[in-house]
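> Residue numbers (this note's numbering), protein chains in the order written: chain H, 57 to 229; chain P, 57 to 229.
Protein chains: 2
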Amino acid sequence: MNSDPIIAARSFEEAEERIARVFQRLPGDGQQNTALIHLIKHLWKWLAESANDELGDSGLNVVSFSALIMLYSAPESAVNPSELSQCTGETRTNMTRICNELEQLGLICRTPSPTDRRRVDLALSDKGAAVMDELLPKLRARSGVAFDVLSREEKDTLEGLLKKLVLAFEQQA
Amino acid sequence: MNSDPIIAARSFEEAEERIARVFQRLPGDGQQNTALIHLIKHLWKWLAESANDELGDSGLNVVSFSALIMLYSAPESAVNPSELSQCTGETRTNMTRICNELEQLGLICRTPSPTDRRRVDLALSDKGAAVMDELLPKLRARSGVAFDVLSREEKDTLEGLLKKLVLAFEQQA
DNA sequence: TCTGAATAGTACACAATTCAACTATATCTA
DNA sequence: TAGATATAGTTGAATTGTGTACTATTCAGA
Chain H
57 MNSDPIIAAR
67 SFEEAEERIA
77 RVFQRLPGDG
87 QQNTALIHLI
97 KHLWKWLAES
107 ANDELGDSGL
117 NVVSFSALIM
127 LYSAPESAVN
137 PSELSQCTGE
147 TRTNMTRICN
157 ELEQLGLICR
167 TPSPTDRRRV
177 DLALSDKGAA
187 VMDELLPKLR
197 ARSGVAFDVL
207 SREEKDTLEG
217 LLKKLVLAFE
227 QQA
Chain P
57 MNSDPIIAAR
67 SFEEAEERIA
77 RVFQRLPGDG
87 QQNTALIHLI
97 KHLWKWLAES
107 ANDELGDSGL
117 NVVSFSALIM
127 LYSAPESAVN
137 PSELSQCTGE
147 TRTNMTRICN
157 ELEQLGLICR
167 TPSPTDRRRV
177 DLALSDKGAA
187 VMDELLPKLR
197 ARSGVAFDVL
207 SREEKDTLEG
217 LLKKLVLAFE
227 QQA
């Protein structure tokens, strides 16, 4: 889809070489932390690029899609833009804009909260649910292919380590 | 620094709850992959926000800083914008703009490559090196605090798993 | 060696995101 | 209960990043 993809390694060897090259240039202590940061960044960039690619002509991108996931997965309960921005890691400002888009696409409905007049309750529309029914399997398949290089145990280990880091980071903030 | 920080968990419990909440809303198969994606995204967002915060009033952000790291770590060899964009994961377009900024700040020098007349050789200026001498320890300290929740063995494991994923992803692309 | 394909760098328009500020409402506390 | 403080949502300006297209140069193969 992109004419100038960010990550364009052609082969296993090329990718390894690139990583090694980056590491060579980061001497001294703290090297491993820096390496981990680079890996995490590249991973996220790839995941985002890949998802955006798959979403293609749906009019969605990875951010609006992740907002829809949250609504899709909790159809019974009301969700507010602020919660959404917390869950997705986007700013509230950006979430407002994303909700505008999603509303214009007819994928979500905004209604004033009956209990807190500052709030807006968000919900998937029928059309929104249908779109997600179609898109979710596609996206899962795409990321699944790559994640399947890890065994079940490795995924569990990775999840544990990443959670540990996220919690440490957030505790620090 | 930011008035509206993306990640604003107040406590360990709150963060755990938030993660659990996200996971609750992602039923079905592929759940773990989605969980991993969310963790990676949040981690990268936190790292970027944290670094940007530390960079503060230096006039740099996490992207221009990572470009400078590459130049700082290879002072002897010439580096081109394209290499830089590969290493940092930014588009070439963006790297051009970043180099413009860095040049205006007097942190880097652009000289035409003597061997390939399409290329531009980039190098840190003395001022650029001085700035990095000052900033690098700060940034390393900041990220170190959080990464230190992991033992040496855990970091090695994490690095191994992340590398495996990056390579798998890039191979697929 | 000539020609077509690939690469490096860039400019410009456009898209996405953030920052700062504001209104309205709710909550907390003296 | 009054006043201060915090939260929810939004807007407009500014920043940051991308898509497309272009020139110049190099490279690879007929």
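Ideal Cβ placement from N, Cα and C applies to all residues, glycine included.
Here the structure is a predicted model, which is why all the values come from computation and not from measurement.
Hey, how far is the Cα of S59 of chain H from the Cα of Q228 of chain P?
No answer about S59 of chain H holds up, because its pLDDT of 43 lies below 50 and its placement is not dependable.
> Can you confirm whether N108 of chain P, when its beta carbon is compared against all beta carbons of chain H, has any partner nearer than 9 Å?
no
> I want to see whether chain H comes within less than 9 Å of I93 of chain P, judged by CB atoms only; does it?
yes
> Counting only runs of 3+ residues fully inside the stretch 106-133 of chain H, write out the beta strand (DSSP E) ranges in chain order.
none
> Per DSSP, what kind of secondary structure is P170 of chain P in: helix, strand or coil?
coil
> Taking E157 of chain H and S122 of chain H to be in contact with their CB atoms under 8 Å, please state how far apart those CB atoms are, rounded to whole angstroms.
At roughly 13 Å, the Cβ-Cβ gap does not stay under 8 Å, so E157 of chain H and S122 of chain H are not in contact.
> Excluding five sequence neighbours on each side, which residues of the same chain lie with their C-beta closer than 8 Å to the C-beta of L39 of chain H?
Within the shown structure, residues of chain H are numbered from 57 to 229, placing residue 39 of chain H beyond reach of any answer.
> Do I96 of chain H and I93 of chain P have their beta-carbon atoms positioned less than 9 Å apart in this structure?
no
> With the cut-off set at 9 Å, would you say E210 of chain H and K220 of chain P are in Cβ contact?
yes
> Would you grab the beta carbon distance between H41 of chain H and G145 of chain P for me? Rounded to a whole angstrom, and I think it's under 8 Å.
Nothing about residue 41 of chain H can be read from this structure; chain H reaches only from 57 to 229.
> Would R173 of chain H and N136 of chain H be called neighbours here (beta carbons separated by less than 9 Å)?
Between R173 of chain H and N136 of chain H, the gap from beta carbon to beta carbon reaches 9 Å or more.
> Looking at I75 of chain P: is its Cβ nearer than 9 Å to the Cβ of V205 of chain H?
No, these two residues do not count as a Cβ contact at 9 Å.
> CB-CB under 7 Å to A104 of chain H, same chain, minus the five flanking residues each way: which ones, in chain order?
V118
> Return yes when the Cβ of S207 of chain H is within less than 9 Å of the Cβ of Q80 of chain P, no when it is not.
no
> If we ignore side chains and look at the alpha-carbon of each, how far apart do Q142 of chain P and D109 of chain H end up?
19 Å
> Does the CB of Q160 of chain H have a neighbour CB from chain P at under 9 Å?
no
> Assuming the contact rule is C-beta atoms closer than 8 Å, L127 of chain P and L178 of chain P should be a hit. Round their C-beta distance to whole Å, please.
Going by Cβ atoms, the distance from L127 of chain P to L178 of chain P rounds to 6 Å, so yes, they are a contact pair.
> Along the stretch 210-225 of chain H, what residues have a CB closer than 7 Å to any CB found in chain P?
Flagged, chain order: E210, K211, T213, L214, E215, L217, L218, K219, K220, L221, V222, L223, A224, F225.
> I need the DSSP call for V180 of chain H, collapsed to helix, strand or coil.
Position check: residue 180 of chain H holds Leu in this sequence, whereas Val was assumed. Strand at L180 of chain H.
> By the criterion of Cβ-Cβ separation under 8 Å, what are the contact partners of R74 of chain P in chain H?
In chain order: Q142, C143.
> Count the other CB atoms, across all protein chains shown, that sit within 10 Å of the CB of T90 of chain H; report buried if there are 16 or more and exposed otherwise.
With 16 or more Cβ atoms within 10 Å of its Cβ, T90 of chain H is classed as buried.
> Based on the DSSP output, what are the partners of C155 of chain P in its beta bridges?
By DSSP's assignment, C155 of chain P forms no beta bridge with any residue.
> Evaluate V78 of chain H with the Cβ neighbour count: other Cβ atoms within 10 Å of its Cβ, from every protein chain shown; 16 or more gives buried, anything less gives exposed.
Sixteen is the threshold: when 16 or more other Cβ atoms of the shown chains lie within 10 Å of the Cβ of V78 of chain H, as they do, the residue is buried.
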